[in-house]
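Residue 24 in the UniProt record's numbering is what sits at position 24 of the sequence shown, and the numbering runs on without skipping anything. Ideal placement from N, C-alpha and C gives every residue a C-beta, glycine not left out.
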Amino acid sequence: MSVKDVRDQQRAVVSLTLVVETCNAALDSAPPPPTVESIDVLHKDLVSLLSLLYAATTKLSLSLKPSSPTYSASLSPLKDLADRVSALFHCANLFVPDTHGATLVREVHSLVRDVIGSIKALAQTFLDIEASGLRQSSGQAGDEYMVRTATVHSFLDRARALSANNLLAVRKRWAEDAASLDDGLREVADMVEEAQSPDDLEEDPDEMFDDGWGEIGIGKGQKMDLEELERTKKVHGILRLAQLLHKRILRDILSTTKEPPDNYTLDALSSLSHTLLSASDELVSTLYTPQDPTKMETEVRLFRKLISDFQASFAKPDALETQLGALSLGSNNPSKWFDTCFVQLYKAVDALDDSLRST
1 MSVKDVRDQQ RAVVSLTLVV ETCNAALDSA PPPPTVESID VLHKDLVSLL SLLYAATTKL
61 SLSLKPSSPT YSASLSPLKD LADRVSALFH CANLFVPDTH GATLVREVHS LVRDVIGSIK
121 ALAQTFLDIE ASGLRQSSGQ AGDEYMVRTA TVHSFLDRAR ALSANNLLAV RKRWAEDAAS
181 LDDGLREVAD MVEEAQSPDD LEEDPDEMFD DGWGEIGIGK GQKMDLEELE RTKKVHGILR
241 LAQLLHKRIL RDILSTTKEP PDNYTLDALS SLSHTLLSAS DELVSTLYTP QDPTKMETEV
301 RLFRKLISDF QASFAKPDAL ETQLGALSLG SNNPSKWFDT CFVQLYKAVD ALDDSLRST
């Protein structure tokens with residue numbers, strides 16, 4: 001290695017160390033006092049920085065390929081990484097919950113922390129290679145530096161789907177929860193179908209093979225009795241109504257074609273959506289045999305309280321009431337639909353609660 005190459009290597013190691021230290025400082029430091037900036041400007045700046053980091057990461061991995069590093073070529077992308085990690089951290093902290101929405105801010109901060117953490121890990125990998133002197137590399141995806149690079153790229157790719165405002169951030173969260181609610185509803189439907197299927201006179205050949213679950217204490221649950229089946233059907237009806245309510249809120253209240261509610265209301269809806277998903281999961285978990293009516297009764301009452309919280313958010317003045325008032329001008333009268341849905345939900349929940357009390 002020539003004298004110039006040695007100097008370039010030393011400079012590359014110093015620059016890698018600077019990148020790691022910059023990432024640590026960004027991840028560990030308290031955010032600076034935010035300033036109120038336009039959401040459009042902030043979003044554009046953030047996406048631009050993430051795009052530049054993608055390019056710098058790619059150049060770094062190509063220039064520091066362990067089997068044949070080109071240290072002089074690594075210096076420019078290393079400087080870019082150090083500078084732009086600092087700029088990214090600063091830009092992310094200009095997003096203010098009260099101004100831009102707490103749901104959007106959480107999405108931005110989560111993405112930025114993942115990006116900075118992955119860049120730090122990549123830089124540390126190259127430092128470890130330089131310290132060890134082990135330069136065996138296949139250049140394939142399985143190499144550690146390639147895995148680290150792919151991780152950085154995967155986080156940076158998320159920038160393309162980064163929400164442009166709080167409404168879109170809440171809609172994204174709502175859509176994710178909707179998919180999980182659908183899964184829970186299908187799971188309960190499968191339980192009902194299995195419980196209603198006649199017992200096979202001959203054992204299914206596929207079931208004759210030992211699946212190994214019994215060895216770790218997880219065997220097949222016993223078949224539901226009639227009482228358990230009726231409870232499960234009632235829970236299915238409750239979850240079906242909750243799913244319909246959830247979808248209708250996404251369509252009518254969180255519509256991108258109307259003036260959205262204020263950020264406080266949007267963030268409250270985001271929180272309620274996730275709470276509904278958690279409550280639904282807990283309710284589904286009580287259906288496995290043998291069922292515990294006492295535990296189910298507790299979850300049913302918590303679910304009823306959650307539905308009450310949903311309804312209360314609709315009854316508040318300002319944003320949601322105004323939104324519903326505007327909706328009621330349409331021919332389909334969505335406002336009336338929501339009222340009816342809440343009534344039916346209460347009836348379904350109370351019917352299950354009454355049956356559990358009489359157990």
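For S197, three-class secondary structure by DSSP = coil
Apart from the five residues on each side of it in sequence, which residues of its chain come closer than 8 Å, Cβ to Cβ, to T125?
-> E144, Y145, R148
On a CA-only basis, which of L162, A123, V284, N93 is nearest S61? Give me that one, please.
-> A123
Could you give the uninterrupted runs of the alpha helix (DSSP H) lying entirely in the segment 39 to 96, keeping only those of 4 residues or more?
-> 39 to 63, 71 to 92
Shortest alpha-carbon distance to K234 belongs to which of K347, N166, H153?
-> K347
Secondary structure at L134, three-state DSSP: helix, strand or coil?
-> coil
Reference N24; option with closest CA among V115, G101, V96 | V115
Taking one C-beta from the segment 256 to 273 and one from the segment 84 to 96 each time, how about it: are there three or more such pairs within less than 8 Å?
-> no
Which value, in whole angstroms, describes the spacing of the CA atoms of A178 and K120?
-> 34 Å
Check whether the segment 69 to 79 touches the segment 9 to 18, counting contact only when three or more Cβ pairs, one atom from each stretch, lie closer than 8 Å.
-> yes
Could you name the residues of the same chain whose beta carbon sits closer than 6 Å to that of S118, not counting the 5 residues immediately before and after it, in chain order?
-> T151, V152, F155
Starting from L287 and walking both ways along the alpha helix (DSSP H), at which residues does that stretch end?
-> Per DSSP, L287 belongs to no alpha helix (DSSP H) and is neither H nor E.
Just to confirm, are L50 and A159 a CB contact at a threshold of 8 Å?
-> yes
Coil, strand or helix - D262 by DSSP | coil
Does the beta-carbon of E194 have 16 or more other beta-carbons within 10 angstroms, so that it is buried, or is it exposed?
-> exposed
Through-space distance from D157 to P293, alpha-carbon basis | 47 Å
Taking all protein chains shown into account, do 16 or more other C-beta atoms lie within 10 angstroms of the C-beta of V6, making it buried, or fewer, making it exposed?
-> exposed
Through-space distance from V112 to T22, alpha-carbon basis = 14 Å
Between the C-alpha atoms of S308 and L167, what's the straight-line distance to the nearest angstrom?
-> 23 Å
Rounded separation between D45 and V36 - CA only = 14 Å
Between the CA atoms of N165 and T99 - distance to the nearest angstrom = 11 Å
Anyone know if the C-beta pair for H236 and V300 falls short of 8 Å?
-> no
Through-space distance from L272 to L94, alpha-carbon basis | 26 Å
What's the gap between the Cα of L162 and the Cα of Y71?
-> 34 Å
Is S154 helix, strand or coil when you go by DSSP?
-> helix
On a CA-only basis, which of Q9, V96, V85, R84 is nearest S38? Give me that one, please.
-> V96
Span of the alpha helix (DSSP H) around T232 = 226 to 248
Use the C-beta contact count for G133: other C-beta atoms within 10 angstroms, 16 or more gives buried, fewer gives exposed.
-> exposed
R231 and L352: beta carbons closer than 8 Å?
-> yes
In chain order, what residues of the same chain have a beta carbon less than 7 Å from the beta carbon of G184, not counting five sequence neighbours either side?
-> L239, S280, D281, V284
Just the C-alpha distance for S298 and S180, rounded to the nearest angstrom, thanks.
-> Checking the sequence, you will find Thr at residue 298 rather than Ser. Spanning the two alpha carbons is a distance of roughly 22 Å.
For G117, does the three-state DSSP call read helix, strand or coil?
-> helix
Exposed or buried, which one is N343 when buried takes at least 16 other CB atoms within 10 Å?
-> The residue asked about is misnamed: residue 343 is Val in this sequence, not Asn. Classification for V343: exposed.
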